[in-house]
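In UniProt numbering, the protein residues as written are 1 to 453.
Comments concern the structure below.
So, in structure tokens, the structure goes:
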């Protein structure tokens, strides 16, 4: 006969099979349908209790986030305002700083830890006078390895006003049609004409300009011209005792300034010479054209290589800084950007090429430097001056997209700002001078109280 216990177990089994059939579609399943739910609930409650206990213990240990602020190298940032402070162990006071750059420079170490603290937690600390460098940056560009930065200095005429804008772009290559070595552009800055060739500007007389192109020189902004390296004048060499007769080829007489031409023979290029008091001096085709235009000494005389070698001059007039031949002058629309592009500055190269028609962003308004636009990746960069081709960068500055540069003179100051000399992006010296110089960033200046007005 079945006992009461047997009847109870049979009832439980029947109830469980009915529940399994309803919930899982299988009355013979081996696992309770609500077992996982119960286990999950219990585990969740336990985790919540542990997290709450952890937060409670943290709150007891670090009340208000204002503990350990007295340690060296702690840079305190007020949560509500962004104001920067450091604790002075000597004065036992908080030192408020005028700007973020000053706060970093004033730290006793370059290993800086930033802590954001509420103003309520800082209220108990007495304050020193406001300290720092007036005009120093409020923020700093992120440090990093020097990028493959191309520097482009561009000028263009804006319509419909007819004014001009000058832009300095650091970062991506702006593109445009590059000028070949045999090409140039004649422009006018103020009252002076200039030949733009390769990576320099050359002063040129109106007569010499007309000898290169019948078109009127295009007016460009002098600010753009001032940012280009200045080469020698595109002018004829000086001829001593011009017009006086002297012994020439094969002892025939010729006036000083007479041009001689040796035609190309058997693959050798043509050559040009000019008569000097002591004989024939070798010159370039461009110099020959300039002399023919300026001296009015008559047409050139053709001679043989042997005749040219019969009376050599000891004077060297050949100027390799000038084009070998008169450059082909390219006409362009002044509404298109005319740019000097330093594509390989990051490789310590100061070689530049001129381009026409690059893609520039729309002008964003006047900068502090007088340039109409300065575009820098990230709004700024830590840069080193590139004074010559292949030379290592020598002086360092912080550059901003407001056209300002802040010199940073020492390695210690550079480290306190979070940089290394290896991080510096090279910039040609002639472009750096376009930035308006701001205050020098030094540790000694950063700890001086701000003078009362």
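Ideal Cβ placement from N, Cα and C applies to all residues, glycine included.
Predicted, not measured: the structure shown is a model, and the values here were computed from it.
Distance from residue 236 to residue 287 at the Cβ level is roughly 7 Å; contact confirmed, criterion being Cβ atoms closer than 8 Å. When DSSP states are grouped into helix, strand and coil, residue 318 belongs to the coil group.
Of the residues 323, 156 and 378, the one whose Cα lies closest to the Cα of residue 181 is 323. The C-beta distance from residue 265 to residue 273 rounds to 15 Å, too long to fall under 8 Å, and the pair is not in contact. By the 16-neighbour rule on beta-carbons within 10 angstroms, residue 425 is buried.
Under the 8 Å Cβ criterion, the region 105-120 counts as touching the region 67-82, having at least three qualifying pairs.
One thing to note: residue 257 has its Cβ within 9 Å of the Cβ of residue 243.
By the CB criterion at 9 Å, residue 213 and residue 285 fall outside the cutoff. The beta-carbon distance between residue 313 and residue 276, rounded to whole angstroms, is 5 Å. This is short enough to meet the 8 Å contact definition. In terms of Cα proximity to residue 127, the closest of 163, 136 and 87 is 87. When the five nearest sequence neighbours on each side are left out, the beta carbons in the same chain lying within less than 6 Å of the beta carbon of residue 400 are those of 380, in order along the chain.
Beta-bridge partners of residue 202 (DSSP): 195. Around the Cβ of residue 416, a 10 Å sphere holds 16 or more other Cβ atoms; the residue is buried. By the C-beta criterion, the region 181-198 is judged not to be in contact with the region 379-399, since fewer than 3 inter-stretch pairs fall below 8 Å. In the DSSP assignment, residue 156 falls within the unbroken beta strand (DSSP E) covering 150-157. With respect to residue 300, residue 259 sits close: the two C-beta atoms are nearer than 9 Å.
DSSP, reduced to helix, strand and coil, places residue 178 within a strand of the structure shown.
The C-alpha of residue 374 is placed about 41 Å away from the C-alpha of residue 123. In the three-state scheme derived from DSSP, where H, G and I count as helix and E and B as strand, residue 349 is classed as coil.
Counting along the chain, no beta strand (DSSP E) covers residue 223; the unbroken alpha helix (DSSP H) around it starts and ends at 222-226. Secondary structure note for residue 167: its beta strand (DSSP E) is the uninterrupted segment 164-171.
Residue ranges of uninterrupted beta strand (DSSP E) with 3 or more members, entirely inside the region 375-438 and ordered along the chain, are 380-386, 396-400, 404-407 and 425-428. Residue environment analysis places residue 82 among the exposed positions, since fewer than 16 neighbouring C-beta atoms fall within 10 angstroms of its C-beta. Bounds of any alpha helix (DSSP H) do not take in residue 72, whose DSSP letter is neither H nor E. Fully contained in the region 220-305 are the following alpha helix (DSSP H) runs of length 4 or more, in chain order: 222-226 and 285-295. Inclusion of residue 172 and residue 200 in the CB contact set at 9 Å is not warranted, their separation being larger than that value.
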